[in-house]
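J.: Numbering (our numbering), first residue to last: 138 to 650. First the structure, which I've put down as structure tokens, then a few questions once you've had a look.
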């Protein structure tokens, strides 16, 4: 008999050592990842637009001549816009395509920026073209004011009629965004609405620009301008264009610089420019010149876009939403704590400890994921985390009730903890798997804030599985060996009354040590 007891004691000691080791590894991991977060400088969670305040604009691509809406074109546009935003030094901004297929929209979110100007800037097409001026006139000029009886070379009757019909004082004609084919002549307005033009086919395109930068005329005559350098092909084409118009009569000796369908400037060319550089002037401020240089530097967007929903959230409103979300989460924790103590007595300590460990892991995950993949926490994400509190608490309830069932069947507490775990873990895994699948489906098929909800729900559900397996079960097993719990103390949560046994009618139906 003594040999059997010795063997049982040895087995129990090994089991206890295993559980202590599991909790110790978890504690060490938390310390290590906390140190990693500090080293990386990830000391604050990246907050989304709805919590921090800022501006969000939705851009909808539209088909135009020579520019079809494809998934590849949208992906390219997202990358170009992201580069533009980063070049402006806007921290923690987000540029993403939402939706499916060619129906996707591009959403630009700039936390901390209350102005719409930045988003509009990065969303402009920036299609730069150089075209010879064929006709120039007042913004409301009729065709016969400039074309006389014989139309200039390259001007068709259709172009002449379009020129006469357009009113460049009308604001709707000054919106830009045009992406007409560069191979045909077009009618265009000056971007200030002070003139209108008939322009020849484009000879040089923005894709042939090697670099762009903002500069100021030291003499003060031209003010701020954008200096562009062409690549090899662009240098040849621009040299040929300027050589062809030199010596012609006005306005055919002018080359219009056209950005997104509007004429930025139309300087007169006095001599051929073969050096591969040119200036874009147009009464720019320093900010305008710098912004134009930035968008040209990263190339033109492959599509034209219509501006859709504009959402502006003030920092005050974002702060209020954050406080409300945190308060809701705190109340959720408190309600679970109170319920655990009332129903499970001292066993509720396990619930509290497990939830605190889960919260610590979730917090570290938010910090590190924000540094590694740019994760931002939104109000919807907070909602997902709060829902996960219930999921985590449900795992504890399943396990605790399974233990009580085993005790009612006559097993000792230590035996009930192990057999109950074997039966409960299957239920816990299945329940959490359903939540994870639902979160994954929401994440991949939903858009907007729903994806933030799905991400945090899925992440915190995975954390629940980790905590239950490496912390909750080992902690309950270790506590079950303590006399306070094993003897069925009235406050332990395993007393005869707590587990529903009638000790008066059945003396044997007690918790065995």
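In this text, a Cβ means the ideal position worked out from N, Cα and C, and glycines have one as well.
1) Report all residues from its chain with a CB closer than 6 Å to the CB of residue 445; omit the five preceding and five following residues, and keep chain order.
2) Using DSSP bridges, identify the partner residues of residue 246.
3) Label residue 581 either buried or exposed according to how many other C-beta atoms from any shown protein chain fall within 10 Å of its C-beta, with 16 as the threshold for buried.
4) For residue 284, does the count of other Cβ atoms within 10 angstroms reach 16, so buried, or fall short, so exposed?
5) What is the rounded straight-line gap between the Cα of residue 636 and the Cα of residue 630?
6) So for residue 182, helix, strand or coil by DSSP?
7) Are the Cβ atoms of residue 232 and residue 193 separated by less than 8 Å?
8) Report, in whole angstroms, the separation of the C-beta atoms of residue 535 and residue 564, which I expect to be a contact under 8 Å.
9) What did DSSP end up calling residue 283 once you bin it into helix, strand or coil?
10) First and last residue of the alpha helix (DSSP H) that includes residue 572?
11) Can you tell me the Cβ-Cβ gap for residue 380 and residue 409, rounded? I've got them flagged as a contact below 8 Å.
12) Quick one: residues in its chain with C-beta nearer than 8 Å to the C-beta of residue 282, no 5 flanking neighbours on either side, listed in chain order?
13) Just the C-alpha distance for residue 332 and residue 448, rounded to the nearest angstrom, thanks.
14) What does residue 98 pair with, by DSSP beta-bridge criteria?
15) Taking the alpha-carbon of residue 265 as reference, which of 341, 621, 477 has the nearest alpha-carbon?
16) Could you tell me whether the region 615-623 touches the region 508-519, where touching means 3 or more Cβ pairs closer than 8 Å?
17) Can you check whether the CB of residue 307 is closer than 8 Å to the CB of residue 400?
18) According to the neighbour-count rule (16 or more other Cβ atoms, all chains shown, within 10 Å of its Cβ), is residue 189 buried or exposed?
19) Measure the C-alpha to C-alpha separation of residue 322 and residue 378 and round it to an integer number of angstroms.
20) Tell me where the alpha helix (DSSP H) around residue 542 begins and ends.
21) Let me check one thing: in DSSP terms, what residues is residue 198 bridge-paired to?
22) In this structure, does DSSP put residue 499 in helix, strand or coil?
23) How many Å lie between residue 475 and residue 482 at the Cα?
24) In whole angstroms, what separates the C-alpha of residue 208 from that of residue 186?
25) On the DSSP bridge list, what partners appear for residue 305?
26) What is the DSSP secondary structure of residue 628, counted as helix, strand or coil?
27) Figure out for me which residue from 498, 420, 461 has the closest Cα to the Cα of residue 403.
28) Let me know if residue 269 comes out buried or exposed under the rule of 16 or more other beta-carbons within 10 Å of its beta-carbon.
29) DSSP three-state label for residue 292, please.
30) Within this structure, are the beta carbons of residue 210 and residue 388 separated by less than 8 Å?
31) Mind checking residue 509: buried by the 16 CB within 10 Å criterion, or exposed?
32) Assuming residue 573 contacts residue 599 (C-beta within less than 8 Å), just tell me the rounded distance between them.
33) Any idea if residue 318 is buried or exposed, counting beta-carbon neighbours within 10 angstroms, 16 or more meaning buried?
34) When you compare each of 302, 152, 271, 278 to residue 288 by their alpha carbons, which one comes out closest?
35) So, residue 325 versus residue 395, is the Cβ gap smaller than 8 Å?
36) Quick check on DSSP: helix, strand or coil for residue 335?
T.: Quick answer:
1) Against the chain shown, residue 445 aligns to sequence position 308. Contacts found: 195, 197.
2) Counting from one through the chain shown, the residue named residue 246 turns up at place 109. 193, 231.
3) Reading the chain shown from its first residue, position 444 is the one you call residue 581. By the neighbour-count rule (16 or more Cβ atoms within 10 Å), residue 581 is not buried but exposed.
4) For this step, residue 284 is matched to residue 147 along the chain shown. The pLDDT assigned to residue 284 is 46, lower than 50, so where the model puts this residue is not dependable; a value taken from the coordinates is nonetheless given after this. With 16 or more Cβ atoms within 10 Å of its Cβ, residue 284 is classed as buried.
5) Translated into positions along the chain shown, residue 636 becomes position 499. Translated into positions along the chain shown, residue 630 becomes position 493. C-alpha separation (whole angstroms): 8 Å.
6) Numbered from its first residue, the chain shown carries residue 182 at position 45. Note: residue 182 maps to coil in three-state DSSP.
7) Taking the first residue of the chain shown as 1, we reach residue 232 at position 95. Taking the first residue of the chain shown as 1, we reach residue 193 at position 56. No, the Cβ-Cβ distance between residue 232 and residue 193 is not below 8 Å.
8) Taking the first residue of the chain shown as 1, we reach residue 535 at position 398. Taking the first residue of the chain shown as 1, we reach residue 564 at position 427. Indeed they touch by this definition, with Cβ atoms about 5 Å apart.
9) Here the question's residue 283 lines up with position 146 in the chain shown. Unreliable placement is indicated for residue 283, whose pLDDT of 48 sits below 50; the coordinate value is still reported in the next sentence. Coil.
10) Counting from one through the chain shown, the residue named residue 572 turns up at place 435. From DSSP, the alpha helix (DSSP H) with residue 572 extends over 550-582.
11) Stepping through the chain shown from its first residue, residue 380 is reached at position 243. Stepping through the chain shown from its first residue, residue 409 is reached at position 272. Rounded, the Cβ-Cβ distance is 4 Å, consistent with contact.
12) Position 145 of the chain shown, counting from 1, holds the residue named residue 282. Any answer about residue 282 is weak, because its pLDDT of 49 lies below 50 and its placement is not dependable; what the coordinates show is given next. If we look at residue 282 and ignore the five residues flanking it on each side, its Cβ neighbours are 274, 275.
13) By one-based count along the chain shown, residue 332 stands at place 195. By one-based count along the chain shown, residue 448 stands at place 311. Distance between the alpha carbons of residue 332 and residue 448 is about 35 Å.
14) Outside the displayed span of the chain (138 to 650) sits residue 98, for which this structure offers no information.
15) Translated into positions along the chain shown, residue 265 becomes position 128. Ranking 341, 621, 477 by Cα distance to residue 265 puts 341 first.
16) no
17) Locating residue 400 in the chain shown gives position 263, counting from the first residue. Locating residue 307 in the chain shown gives position 170, counting from the first residue. No.
18) Here residue 189 is taken as the residue at index 52 of the chain shown, counted from 1. Flag for residue 189 reads buried.
19) Within the chain shown, the letter at position 185 stands for residue 322. Within the chain shown, the letter at position 241 stands for residue 378. Taking the straight line from one Cα to the other gives about 15 Å.
20) Here the question's residue 542 lines up with position 405 in the chain shown. Residues 516-545.
21) For the purposes of this step, residue 198 is taken as residue 61 along the chain shown, with counting starting at 1. In the DSSP output, where bridge partners are listed per residue, residue 198 has 442.
22) Start at 1 with the first residue of the chain shown, and residue 499 comes out as number 362. Looking at residue 499 - three-state DSSP - the assignment turns out to be helix.
23) Taking the chain shown and counting its residues from 1, one reaches residue 475 at position 338. Taking the chain shown and counting its residues from 1, one reaches residue 482 at position 345. So the alpha carbons of these two residues sit roughly 10 Å apart.
24) Along the chain shown, read from residue 1 onward, the residue named residue 208 stands at position 71. Along the chain shown, read from residue 1 onward, the residue named residue 186 stands at position 49. So the two alpha carbons sit approximately 26 Å from each other.
25) Position 168 of the chain shown holds residue 305. According to DSSP, residue 305 bridges with nothing at all.
26) By 1-based counting over the chain shown, the position of residue 628 is 491. Here residue 628 sits in coil by DSSP.
27) Your numbering for residue 403 matches position 266 in the chain shown. Comparing Cα-Cα distances from residue 403 to each of 498, 420, 461, the minimum goes to 420.
28) Taking the first residue of the chain shown as position 1, residue 269 is located at position 132. Buried is the call here.
29) The residue given as residue 292 occupies position 155 in the chain shown. Looking at residue 292 - three-state DSSP - the assignment turns out to be coil, as it is neither helix nor strand.
30) The count along the chain shown starts at 1 and reaches residue 210 at position 73. The count along the chain shown starts at 1 and reaches residue 388 at position 251. It is not a contact, given that the beta carbons lie outside the stated cut-off.
31) Taking the chain shown and counting its residues from 1, the one referred to as residue 509 is at position 372. Residue 509 should be labelled exposed.
32) For this step, residue 573 is matched to residue 436 along the chain shown. For this step, residue 599 is matched to residue 462 along the chain shown. Contact flag correct, Cβ pair sits at about 7 Å.
33) Start at 1 with the first residue of the chain shown, and residue 318 comes out as number 181. So residue 318 ends up on the exposed side.
34) Sequence index remark: in the chain shown, residue 288 carries index 151 (1-based). When each option's Cα is compared against that of residue 288, the closest is 271.
35) Taking the first residue of the chain shown as position 1, residue 325 is located at position 188. Taking the first residue of the chain shown as position 1, residue 395 is located at position 258. Contact flag set, yes.
36) Taking the first residue of the chain shown as position 1, residue 335 is located at position 198. Reduced to three states, the DSSP call for residue 335 is strand.
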